[in-house]
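Going down the list, the sequences are from chains A and B.
Count the first sequence with this note's numbering and you get residues 1 to 362, in order.
Count the second sequence with this note's numbering and you get residues 363 to 720, in order.
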Amino acid sequence: MPRLKTRVSNLSHLFLPLSVLVILIIVNLVKGADYFKITVVNGAFYGNIPNMLFGASELVILSIGMTLVTAASRGQDISIGESGAISSAIFVQYVLRAGGDVTLWTILVGFLISCLAGIVIGAFNGTLVSFFNVQPMVATLILFLGGRSIAFIIDGKVSPILANEISNRIGTVIPGIPIQTPIILTAVFIVIVAVVLKTTNLRLYVETVGINPNAARLNGINPKKIIFLTFLIMGVCSAVAGFIAVNKAGRHDSVNLLKFIMMDAILAVALGGNSLGGGKFSITGSIIGAYTIEMLNRTLLRLEVNPEAIKVFKAVFIIVLMIVASPVVREYAKKVLDKVQGLIASGPSHHTSGLSQGERGE
Amino acid sequence: MRPLGTTKTQTRMSNSTLLFIIAGIIFVLMYGFALISYPGSFMQFQTFFDLFNFNAALFIVTLGLCVVMIGGGIDISVGAVCGLVTMACAMLLESGTGGIWSALLLALGIGLAFGLMHGFLIAYLEIQPFIITLAGMFLAQGLLTTLHREPLNVTQPAFVALRNFTIEIPWLGTVNRRGIFIPCEIKPGVLVVVVLVILYAVLMKWSRFGRSVYAVGGDRESARMLGINVKKTIFLSYVICGLTAGISGFVFLMTTGAGNIGNGSLFEMKAIAANVMGGILLNGGVGNLLGAPIGTMTLLTINELIRAAGVQSNLQAIVSGLLLYLFIVLQSIIIALRTSKRFTLALPSWLKFQRTHD
């Protein structure tokens with residue numbers, strides 16, 4: 001029985017993002033019953049749901065990294081879009097300059113190099129945050145301001161085009177596999193992260209550091225190392241996201257690639273029931289949060305909201321959601337629920353006593 | 363071992379003062395460097411005043427954000443609110459139904475509305491400030507694009523007169539090549555900046571509210587135990603920030619004279635950078651309000667310097683990023699040295715990591 005209770009409380013933070021997802025699906029179904037319709041084009045699935053999964057792939061990957069950074073460092077990395085732009089610029093340059101036919105090997109080496117670039121960027125941010133004790137948002141502000149220019153300088157010109165068969169397949173569909181490649185890559189990434197979190201002590205360490213760095217230190221965990229590590233992971237995440245984004249687009253647009261995605265990623269972390277003040281975290285929540293955001297964007301488009309007003313709707317949605325999820329409102333709702341339960345439990349015959357009980361509870 | 367009572371706090375500089383002094387020194391060094399390397403442009407007083415003339419709105423935004431940052435919060439909606447106000451005021455003035463005063467009222471109203479919303483949601487419903495102000499930013503941006511997409515030039519005569527109005531300083535100026543004396547010019551927006559800086563500095567230094575903001579930013583729980591109304595303090599700090607953003611929007615319109623979608627974009631990031639340069643930490647509880655204008659001046663001087671040096675436009679962002687990096691590292695090293703000095707003798711080494719406020 002206590003075991004069941006802990007499991008329920010473990011899942012309670014997923015209640016919010018999941019219920020929002022359900023509401024969005026209902027809204028979409030009201031708009032048109034063909035929401036779940038999947039069509040097969042050239043042997044691959046297309047439709048509202050696959051497109052949503054396809055569109056959210058970078059956001060999901062970035063929100064995973066953001067969750068770890070938030071949990072350990074109690075702050076957010078706002079340079080993820082820029083670091084994705086830089087690492088993917090390096091990837092594009094490697095592929096373009098490799099010479100000869102672009103083989104799978106070229107792409108793979110380019111990808112690994114871009115991951116390395118991501119790690120270097122993560123190390124830059126991580127050093128500032130962990131060893132110089134700078135607040136994460138300020139530390140990453142530096143790259144946020146200068147990152148796109150670095151990407152542009154690496155590019156050397158406006159948006160180099162990535163025209164080869166393999167990139168195209170990574171960005172869209174591999175013949176013979178019915179699911180779009182970015183979805184598969186995202187799934188693989190999620191599985192890798194899940195395995196790492198299951199097999200290593202990363203989760204424990206990150207949560208310990210996030211809850212109390214001094215206590216973590218007394219217990220033999222070096223908080224600086226852990227925070228540094230989360231920034232390295234964030235760097236890899238942004239490199240992977242940049243890789244997917246650039247292959248999707250087919251060209252490297254250093255100005256608009258992954259622009260302002262950090263806002264969505266932070267939002268995904270918060271929607272997933274994670275505290276932005278660090279501590280315990282839930283990757284699952286963030287992933288669902290990321291898909292929720294993508295779905296919200298697509299739902300607004302599907303409802304034919306004026307494109308100028310989309311941001312207004314999004315803002316209202318976020319505010320309503322955060323009000324519903326806020327601790328004060330939750331507590332109040334709990335009280336009301338208790339009252340109602342008290343009324344039901346006491347039964348109609350003891351109506352007055354039930355009411356007084358509820359009042360006492362207040 | 364000295365008894366506790368005799369350690370005088372007056373002899374020790376607080377972190378706020380230290381960071382403020384560093385910011386001041388950096389600004390003086392920066393400007394001195396600019397004077398030496400580009401005497402042609404920086405030697406003129408007008409260049410110095412132009413920093414204020416053209417960026418009055420940024421100064422004001424930074425002031426409002428500073429109050430929130432000292433209180434341990436963050437408001438990233440300020441830039442978008444500023445942009446929204448410029449467009450709304452421009453539309454009001456262009457529609458012919460309202461004059462300057464009603465536009466000013468509208469600006470204050472919009473700012474106040476955003477401030478009240480943020481303050482209520484953050485202070486009383488305990489929602490994370492980043493997310494709420496992010497939503498506020500989306501809201502302001504969305505409203506801005508819904509109102510009007512194209513740039514809107516204000517042609518109302520009274521407003522144009524206000525826009526072109528300048529105050530000349532007769533005893534300060536430069537003599538041009540033909541030998542004609544050109545007095546320095548100041549825009550009315552600069553006066554707003556000066557008034558607000560004095561007002562806010564007094565508010566933060568000597569008022570009960572200002573001290574409460576420092577206490578709340580330093581440690582919320584201790585502030586609560588001292589009997590400070592934490593929620594009210596946070597609420598008021600966001601209201602002030604919103605109001606300031608509204609004022610800055612009006613001043614922005616006074617400077618440029620046109621409502622535009624791009625108005626005030628990235629102001630929030632610039633304001634955060636300026637505050638950090640001015641020695642106001644995001645953690646809260648540390649910082650001198652006068653650091654905000656000094657940080658802004660440093661930021662603007664750097665930009666002017668880079669422009670004067672004729673650096674390629676792409677390198678400009680990188681160079682200013684690098685300079686920001688240097689400042690941040692410098693600040694953190696100084697703070698770390700200070701903290702370690704304070705604790706090495708009396709306490710075991712692991713306590714060095716404890717962050718101290720003041």
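Using N, Cα and C, we set each Cβ at its ideal position, and we do this for glycine too.
Please read all numbers here as calculations on a predicted model, not as lab measurements.
Roughly how many angstroms separate the alpha carbons of I642 of chain B and Y562 of chain B, rounded to a whole number? What you label residue 642 of chain B is simply residue 280 of the second sequence in a count that begins at 1. What you label residue 562 of chain B is simply residue 200 of the second sequence in a count that begins at 1. Distance between the alpha carbons of I642 of chain B and Y562 of chain B: 15 Å.
Taking E207 of chain A as the reference, which of A:A345, A:K280, A:V120 has the closest Cα? Your numbering for residue 207 of chain A matches position 207 in the first sequence. Of the candidates A:A345, A:K280, A:V120, the one whose C-alpha sits nearest the C-alpha of E207 of chain A is A:K280.
Against chain A, does R570 of chain B count as a neighbour if the rule is that its beta carbon must be under 8 Å from one of theirs? Start at 1 with the first residue of the second sequence, and residue 570 of chain B comes out as number 208. It does not: the Cβ of R570 of chain B has no partner Cβ on chain A nearer than 8 Å.
By the 7 Å beta-carbon criterion, what residues does the stretch 438-463 of chain B contribute toward chain A? none
Closer than 7 Å by C-beta to S682 of chain B: which residues in its own chain qualify, once you throw out the five before and the five after it? Chain order, please. On the second sequence, residue 682 of chain B is found 320 positions in, with the first residue counted as 1. For S682 of chain B, the CB contacts under 7 Å within the same chain, skipping 5 residues up- and downstream, are I664, N665, I668 in chain order.
Applying a beta-carbon distance threshold of less than 7 Å, which residues of chain B neighbour N133 of chain A? Within the first sequence, the letter at position 133 stands for residue 133 of chain A. Residues of chain B passing the Cβ test: S694, A698.
Would you tell me roughly how many angstroms separate the C-alpha atoms of T658 of chain B and A194 of chain A, rounded to the nearest one? Locating residue 658 of chain B in the second sequence gives position 296, where the first residue counts as 1. Locating residue 194 of chain A in the first sequence gives position 194, where the first residue counts as 1. The straight-line gap from Cα to Cα measures roughly 45 Å.
Does the distance from the CB of A654 of chain B to the CB of N676 of chain B come in under 8 Å? For the purposes of this step, residue 654 of chain B is taken as the residue at position 292 of the second sequence. For the purposes of this step, residue 676 of chain B is taken as the residue at position 314 of the second sequence. It is not a contact, given that the beta carbons lie outside the stated cut-off.
Within its chain, find whatever has a CB closer than 8 Å to the CB of V196 of chain A; leave out the 5 residues flanking it on each side and keep chain order. For this step, residue 196 of chain A is matched to residue 196 along the first sequence. Cβ neighbours of V196 of chain A beyond the five flanking positions: L202.
C-alpha distance - F231 of chain A paired with G126 of chain A, whole-angstrom precision: The sequence position of residue 231 of chain A within the first sequence is 231, counting from 1. The sequence position of residue 126 of chain A within the first sequence is 126, counting from 1. Rounded to whole angstroms, F231 of chain A to G126 of chain A spans 5 Å at the Cα level.
What does a CB cutoff of less than 6 Å around V340 of chain A pick up in its chain, not counting 5 residues either side in sequence? Taking the first sequence and counting its residues from 1, the one referred to as residue 340 of chain A is at position 340. Once the five neighbours on either side are set aside, V340 of chain A has no close Cβ partner at all.
Since T70 of chain A contacts N214 of chain A with CB under 8 Å, what's their CB separation in whole angstroms? Counted from its first residue, the first sequence places residue 70 of chain A at position 70. Counted from its first residue, the first sequence places residue 214 of chain A at position 214. Between T70 of chain A and N214 of chain A, the beta carbon gap of about 19 Å keeps them out of contact (Cβ cut-off 8 Å).
Please list the partners that M137 of chain A has in chain B, where partner means a Cβ-to-Cβ separation under 9 Å. Taking the first sequence and counting its residues from 1, one reaches residue 137 of chain A at position 137. Those are I436, F492, I634, L644, listed as they occur along chain B.
Where do the N-terminal and C-terminal ends of the beta strand (DSSP E) with G47 of chain A fall, by residue? Position 47 of the first sequence, counted from the start, is the residue given in the question as residue 47 of chain A. Start and end: 44-47.
Is the CB of M234 of chain A under 8 Å away from at least one CB in chain B? Along the first sequence, read from residue 1 onward, the residue named residue 234 of chain A stands at position 234. Answer no: the Cβ-Cβ gap between M234 of chain A and chain B never drops below 8 Å.
When you check each C-beta in the stretch 661-676 of chain B against every C-beta of chain A, which residues fall closer than 7 Å? With the criterion set as a beta carbon lying under 7 Å from some beta carbon of chain A, the members of the stretch 661-676 of chain B are N676, in sequence order.
Spell out the partners DSSP gives A620 of chain B in its beta bridges. Translated into the one-based positions of the second sequence, residue 620 of chain B becomes position 258. Note: A620 of chain B sits in a beta bridge opposite B:N515.
Just to make sure I have the definition right: I need the residues of chain A whose C-beta is within less than 9 Å of the C-beta of S584 of chain B. Which are they? On the second sequence, position 222 is the one that residue 584 of chain B refers to. Here the premise fails: no neighbours, minimum Cβ distance about 17 Å.
Just the chain A side, please: which residues come within less than 8 Å of I690 of chain B by C-beta, in chain order? Locating residue 690 of chain B in the second sequence gives position 328, counting from the first residue. I690 of chain B reaches chain A at L128, F132, V134, V138, A139, I142, counting residues in chain order whose Cβ is nearer than 8 Å.
DSSP on H487 of chain B, reduced to helix/strand/coil? The residue given as residue 487 of chain B occupies position 125 in the second sequence. According to the sequence as given, residue 487 of chain B is Leu; it is not His. Per DSSP, reduced to three states, the secondary structure at L487 of chain B is coil, with no helix or strand assignment.
Pick helix, strand or coil for E304 of chain A, following the three-state DSSP scheme. The count along the first sequence starts at 1 and reaches residue 304 of chain A at position 304. Correct three-state label for E304 of chain A: coil.
Determine the chain B residues that contact F231 of chain A at a beta-carbon separation under 9 Å, and present them in chain order. If you number the first sequence from 1, residue 231 of chain A lands on position 231. Under the 9 Å cutoff, chain B gives no residues; its nearest Cβ is about 15 Å from F231 of chain A.
Looking at the structure shown, is L257 of chain A part of a helix, part of a strand, or coil, going by DSSP? Residue mapping note: residue 257 of chain A aligns to position 257 of the first sequence, counting from 1. In this structure, L257 of chain A counts as coil in the three-state DSSP scheme.
Who are the Cβ neighbours of A134 of chain A in its own chain at under 8 Å, not counting the five residues just before and after it? If you number the first sequence from 1, residue 134 of chain A lands on position 134. The identity of residue 134 of chain A in the sequence shown is Val, whereas the question assumes Ala. If the five residues before and after V134 of chain A are omitted, its C-beta is found closer than 8 Å to the C-beta atoms of L128, all from its own chain and listed in chain order.
According to DSSP, is F407 of chain B helix, strand or coil? Here residue 407 of chain B corresponds to residue number 45 of the second sequence, with the count starting at 1. Helix.
Which residues share a DSSP beta bridge with R217 of chain A? As a working mapping, residue 217 of chain A is identified with position 217 in the first sequence. DSSP, once it has assigned bridges, lists no residue as partnering R217 of chain A.
Below 8 Å on C-beta distance, what does V638 of chain B contact in chain A? Working through the second sequence from its first residue, we reach residue 638 of chain B at position 276. Chain A residues near V638 of chain B: V138, L141.
Within the same chain, show all residues whose beta-carbon is closer than 8 Å to that of I472 of chain B, passing over the 5 residues directly before and after it, in chain order. Here residue 472 of chain B refers to the residue found at position 110 of the second sequence. Counting only Cβ-Cβ distances below 8 Å, and skipping sequence neighbours, we find V443, L446, V447, A450, G608, G611.
Quick one: which chain A residues come within Cβ less than 9 Å of M659 of chain B? Counted from its first residue, the second sequence places residue 659 of chain B at position 297. Neighbours of M659 of chain B on chain A: none; closest Cβ ~18 Å, over 9 Å.
Neighbourhood of I697 of chain B by C-beta, 7 Å cutoff - its chain only, sequence neighbours within 5 removed: Here residue 697 of chain B refers to the residue found at position 335 of the second sequence. Excluding the 5 residues flanking it on each side, I697 of chain B has same chain C-beta neighbours closer than 7 Å at N377, in chain order.
Near-chain B residues of the stretch 324-351 of chain A - C-beta to any C-beta below 7 Å: Within the stretch 324-351 of chain A, those residues whose Cβ lies closer than 7 Å to any Cβ of chain B are, in chain order, S326, P327, V328, V329.
Given S159 of chain A, which residues of its chain have a CB within under 8 Å of its CB, disregarding the five upstream and five downstream residues? Locating residue 159 of chain A in the first sequence gives position 159, where the first residue counts as 1. Closer than 8 Å at the Cβ level, and outside the excluded window around S159 of chain A, lie R251, H252, D253, S254.
Alpha carbon to alpha carbon, how far is G551 of chain B from L145 of chain A? Along the second sequence, read from residue 1 onward, the residue named residue 551 of chain B stands at position 189. Along the first sequence, read from residue 1 onward, the residue named residue 145 of chain A stands at position 145. Taking the straight line joining both Cα atoms gives about 27 Å.
Backbone secondary structure at Q716 of chain B - three-state DSSP: Here the question's residue 716 of chain B lines up with position 354 in the second sequence. Annotation note: pLDDT 48 at Q716 of chain B (below 50); position unreliable, no value reported.
Closer than 9 Å, Cβ to any Cβ of chain B: which residues of the stretch 61-76 of chain A, in chain order? Answer set for the stretch 61-76 of chain A: G75, Q76.
With respect to the beta strand (DSSP E) encompassing F543 of chain B, which residues constitute its N-terminal and C-terminal limits? Looking up residue 543 of chain B in the second sequence gives position 181. Its beta strand (DSSP E) spans residues 543-548.
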